[in-house]
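Q: Numbering (the UniProt record's numbering), first residue to last: 1 to 993. Below is one structure. I have some questions about it.
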Amino acid sequence: MFVGRSAELAELTAALRRAGEGQPQALLIAGDAGVGKTRLLEEFVCAAARTGAVVAMGGCIEIGADGLPYAPMVTALRALHQALGVEVELAAAGNEGRLSQLLPELGQAAPEAHDEFGRARLFEHTAQLFERLAADRTIVLALEDLHWSDRSTRELLVYLLRSLRNSRFVIVGTYRSDDLHRRHPLRPFLAELERLRIVQRLELPRLGRTEVADQLTGILDGAPEARLLERIFRRSEGIPFFVEELAASYQAGCSTGLTDSLRDLLMVRVEALPEPVQPVLRALAQGGSAVEYGLLRAVLEQGEDELFAALRTAVDANVLRPTARGDGYCFRHALVREAVADDLLPGEGSRIKRRYATVLTEQPQLVPAEERVTRLANYWYSAGEPARALPVALDASREARRRNAFAEQLQMLERALELWDRVPEDVLAELRPADYAESYPACSCDEDPNGACCERLRLVDVFAEAAVAARLCGERERCLSLCKQALRLIDEESDPSRAAWFWAMRSRVSTKMTQDGGRSELAHARRLVENRPPSSVQAEVFGRLAACDMVDWPEPEDIALAERAVLIARQVGAETVGLHARVTLGTLLVILGRQEEGLSELHEVHRRALELQEPDLLSRVYVNLSDTLEGLGRSAEAAEAARSGCRMARSNGLLGAAGPILRGNLVESLLSLGQQAEAEDLLDTAPADLGSGIDRGFLHRLRADLALLRDDLPAAAEHLARAKESIGPAKAQDWLPMSTLVIRIAVANGRFDEARAELLKVIDTGYPKGKERYIWPILVYGAAAEADSRGLPALDADRARVLDLVRGVVAGMETPWPLSPSWSLLLDAELARAEGASEPDGYLRAVEALEPLGLPHPLGLALFRAAEASAVQGDRTAAAGLLHRAEAQAVAHGDLRLQRGAARLADRARLRSAHGTAAPAPAEPQPVLFNLTPREQAVLNLVALGRTNRQIADELYISPKTASVHVSNILAKLEVTGRGEAAALAHRLHLVG
């Protein structure tokens, strides 16, 4: 009977309707065990099918908590394949090799590296499959019992929910809310989903008295007696499944009700079955959520007729039901299975598990291939057979890695570590390593690398596989712990390569957890392999150490270190390690002044990476190439490289890895080119929860840049604050651009002391070689702040020292940078202005150097300053022409702030009439307040900002004496005694804007 769920069913059908309009939906149905989640889902599925939607159902099986990855997704995709046939194959075209990990019917899995990028590709191609299938129909993906889901399934679901936009797609999942203890793995998954707009949670309440009465009426074919209703309502506590069991007990003649034990309640129907059925139920209860008929028959060793008779009896009694695939049996409700399992005698459960394990070992064809090894591992483990469980757990871990299910791989490897000391030596001696994680050394015997001593699998090798699995599934703390345990087993003197490998792994997971970003761990690893024979570990350690310095504090010695890594990698045949080292080498060469040589190296690696189709390598090439080209002022080329990288990331499922950085690099170049609309769209559509904190900080910093161009100072300050918060302890390439923003925002708000403090902080901290692209803007804007604050007594006293420090930084620059000459000329002009010696020629020299670059920034700023200086000298014609060119650059750059600054300069210096093309439309006449003239109104605005007479004179291009006269006239007209009162009155009466 389906009662009391009309509101929830309406919610589900409304979501189905929205999905049909291209708005993907996700609904999570939560409730106590037996409350009717499955029944509601069945009703919804029927309703969806009537509308023409295609439904794919999958159920999480309890074994999933112990390492069976993607089980419900495999079942659901098989259902889709059965429903749509060739359409699924067409939608998977081009991605069959990877999607076969979830749908084996598509063919043989493609050979590829099983790393985080392989998993990302699997996730992305799964999303693309659903997008294609949902293009002209609504797809409903229904997954039951998410409280038993494996972590890989949960992470795939999150990816789908984030990725599928404008799709006719519905995900519905059910889970037991009463099973979620404080540390249940589903809790963080639910918390993550709650942040997604499309996710809706439905809590199924227990039935009320009226609804229980309706249910009993349906079951009993008539209204129940009041006394019976009261008893069943009280005993069932509104749980529909218990109502049904109690009603069945009543119909069977047990009118007095049942004992208070829940297990006894659930066992009543079971115990009423004939004795030949009982062994079948006990065996099924130990086999998992569902058991194939062939496996069950082999385990029970019963005749076919006898077994069918028992199964028919249990199905007719509503205790068992056939599985959805039609190849086996399961309990009608998991609560009954749990009760039967709990009722077994001590030792009986392990005996049955042992029987399952023995049969499956002898007849592996009895279960689906993708489940075989994991189920066998769990059967042997539950049977209490360490010597049999350990080898199979290792096999299951490698099968999980083959399917890019790293969390489940880690679970199996941790089980192997748990079992290791309980396994006899003769069994351990027969274990062999399947493959070695990344550059992990297969042997530590320098004199005999192929010797028998290195053929067997050792405990430390299992730690290495587990450490990699922990890193790949995001368990950084666990990876660090595994590395520390492994290092306690290694003698660094006799086994330096393995020790160095674990130290390098520690560095990789410490990057965002330690102040030095894992550099100290790499330095220790280098000491271990420095004078050892060439190895892939040695090449990787040298390459990673050079890369660590590259992003923070590069030195010329890092070039030599990267070159050593490349050479060693070639010697030992570690091509991928060598190519990564070449990316580092090329980037270092560009950063440290050998630009063309470095770009050539990057382009060569790019060509080879395309041949290899190695996504990790390709993403790193695109990131570094686009960044270095932007740093060289070649923004159009940088944008094209970043675009290519974004396309590659999309096709390989790397939008959550390299995607945010590539998106940021593209935005940065688009802003340089003045293509603000596209840049804004990329920032607006960037997923808020993808990438690392540093990645998100990078995008916030770019949003601050964009807000500053739009002259939206509050938004710029907010995004800058969020960038700092997201990035945390930052490397030079992160904090130096933020310092530029700090100075610019402080100046825009008139906080010149803050701008100076930031400038001095950068100078005091120092900066690494090769970061001139970030230093020059800091110096130019810092010098401009000093010029703008002339006349403020608190800052005037120390200005000469600050300017000398700026010149000292310039004198210490060693690395040649193509844009240095033009920025240097602009800095010289700003320094002169800060010393009161502003003249147009200095800015015009900067303009001449900047124009060939074709970039609107900082050309617009140089033109604006030249116009300003010409106006001061009284050359209004030259000033008007330069201002017009500055406005053109500001428009090209989308720099609204500069455009408004140019408009104010034109008004103050009265340049509009001198340059007709820039003349604005006549403004509406404004009322004259306090009889202030337009010039007095302009002076009052500056008085309200705290400007001195000298500063007012500079900004309005009048003499200080004239400014003083204007101020006196204003005080008289406002009838106030001082500048402070005038400013207060002006603000109070809105006389200033």
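Cβ coordinates follow ideal geometry from the N, Cα and C atoms, glycine included. Please read all numbers here as calculations on a predicted model, not as lab measurements.
In angstroms, rounded to a whole number, what distance separates the CA positions of E62 and G288?
A: Near 7 Å, if we compare the C-alpha coordinates of G288 and E62.
Q: Could you name the residues of the same chain whose beta carbon sits closer than 7 Å to that of V541, not counting the 5 residues immediately before and after it, in chain order?
A: Taken in chain order, the residues that qualify are A500, A504, L522, A525, R526, V529.
Q: Based on the DSSP output, what are the partners of R201 in its beta bridges?
A: BP columns for R201 point to L28.
Q: Which value, in whole angstroms, describes the spacing of the CA atoms of S953 and G782?
A: The question names Ser, yet the displayed sequence has Ala at residue 953. If I take the Cα positions, the gap works out to 22 Å.
Q: Between which two residues does the beta strand (DSSP E) containing V54 stretch?
A: Counting along the chain, the beta strand (DSSP E) containing V54 begins and ends at 54-59.
Q: So who's on the other strand from G173, going by DSSP bridges?
A: DSSP, once it has assigned bridges, lists L28, L143 as partnering G173.
Q: Taking the alpha carbon of V270 as the point to measure from, which residue in R722, A314, A247, I232 has its own alpha carbon closest?
A: Cα-wise, what sits closest to V270 is A314.
Q: Can you list, in chain order, the stretches of the alpha helix (DSSP H) that have 4 or more residues and sit fully within the stretch 303-358?
A: Counting whole runs of 4 or more residues, the stretch 303-358 contains the alpha helix (DSSP H) stretches 304-316, 334-342.
Q: Please tell me whether V623 and I591 are closer than 7 Å, where the distance is taken between their beta carbons.
A: In this structure, I591 does not lie closer than 7 Å to V623 by Cβ.
Q: By DSSP, does V367 sit in helix, in strand, or in coil?
A: In the structure shown, V367 sits in coil (DSSP, three-state: anything other than H, G, I, E or B).
Q: Just to confirm the assignment: which complete beta strand (DSSP E) runs, minimum length 3, are found wholly within the stretch 610-680?
A: Here no run is fully enclosed.
Q: Going by DSSP in three states, V291 sits in which element: helix, strand or coil?
A: Strand at V291.
Q: Please classify T977 as buried or exposed, where buried requires at least 16 other C-beta atoms within 10 Å of its C-beta.
A: When all chains shown are included, T977 counts as exposed.
Q: Touching or not, the stretch 178-190 and the stretch 27-39, by the rule of three or more beta carbon pairs under 8 Å?
A: Yes: at least three Cβ pairs fall under 8 Å.
Q: Given that a residue counts as buried once 16 or more other Cβ atoms are within 10 Å of its Cβ, and exposed if not, what is L345?
A: Its Cβ having fewer than 16 others within 10 Å, L345 is exposed.
Q: Rounded to the nearest angstrom, what separates E414 and R458 at their Cα positions?
A: Their Cα atoms are separated by approximately 14 Å.
Q: Reducing DSSP to helix, strand and coil, say where W817 ends up.
A: DSSP places W817 in coil when its eight states are reduced to three.
Q: Comparing alpha-carbon positions, which option in Q200, T126, P185 lies nearest L164?
A: When only C-alpha atoms are compared, the closest one is T126.
Q: Could you give the distance in angstroms between the alpha-carbon of V55 and the alpha-carbon of Q82?
A: Approximately 11 Å, taken between the alpha carbons.
Q: Looking at the unbroken alpha helix (DSSP H) that takes in V462, where does it start and where does it end?
A: Residues 459-472.
Q: When you compare each of D491, R532, S481 to V509 by their alpha carbons, which one comes out closest?
A: That would be S481, whose Cα lies nearest to the Cα of V509.
Q: Taking the straight line between their C-alpha atoms, what separation do you get for V199 and I239?
A: V199 and I239: Cα-Cα distance of roughly 26 Å.
Q: Let me know if R197 comes out buried or exposed under the rule of 16 or more other beta-carbons within 10 Å of its beta-carbon.
A: Per the 10 Å Cβ criterion, exposed.
Q: Can you list, in chain order, the residues of its chain with a C-beta nearer than 7 Å to that of A19? Leave out the 5 residues immediately preceding and following it.
A: Within the same chain, A19 has close Cβ partners Q25, T138, R168, F169, V170.
Q: Pull up the distance between the alpha-carbon of N949 and that of S959, whole angstroms please.
A: Taking the straight line from one Cα to the other gives about 9 Å.
Q: Could you spell out the range, first to last residue, of the alpha helix (DSSP H) harbouring H81?
A: Start and end: 71-84.
Q: Only counting the same chain, and skipping five residues up and downstream in sequence, which positions put a Cβ closer than 7 Å to that of I232?
A: Excluding positions up to five away in sequence, the list reads V212, L216, V243, L246, A247.
Q: What's the gap between the Cα of V86 and the Cα of Y293?
A: V86 and Y293: Cα-Cα distance of roughly 29 Å.
Q: If we count the other Cβ atoms within 10 Å of its Cβ and call it buried at 16 or more, is D841 buried or exposed?
A: Under this definition D841 is an exposed residue.
Q: Taking DSSP as the reference, what is the three-state secondary structure of G578?
A: Reduced to three states, the DSSP call for G578 is helix.
Q: Using only the alpha-carbon positions, how far apart do E11 and T685 sit?
A: Roughly 28 Å separates the two Cα atoms.
Q: Leaving aside the five residues before and after A324 along the sequence, list all residues of the same chain whose C-beta is less than 7 Å from its C-beta, in chain order.
A: Counting only Cβ-Cβ distances below 7 Å, and skipping sequence neighbours, we find M57.
Q: Contact defined as beta carbons within less than 8 Å: I believe A334 pairs with M267. What is the distance between those atoms, to the nearest angstrom?
A: No, A334 and M267 are not in contact; Cβ-Cβ is about 14 Å, not under 8 Å.
Q: Quick one: what does DSSP say I763 is sitting in, helix, strand or coil?
A: Helix, per DSSP.
Q: Which value, in whole angstroms, describes the spacing of the CA atoms of K37 and D145?
A: C-alpha separation (whole angstroms): 9 Å.
Q: By Cβ distance below 8 Å, which residues in the same chain neighbour L84 in space, the five residues on each side in sequence not counted?
A: Same-chain partners within the cutoff: V54, L133.
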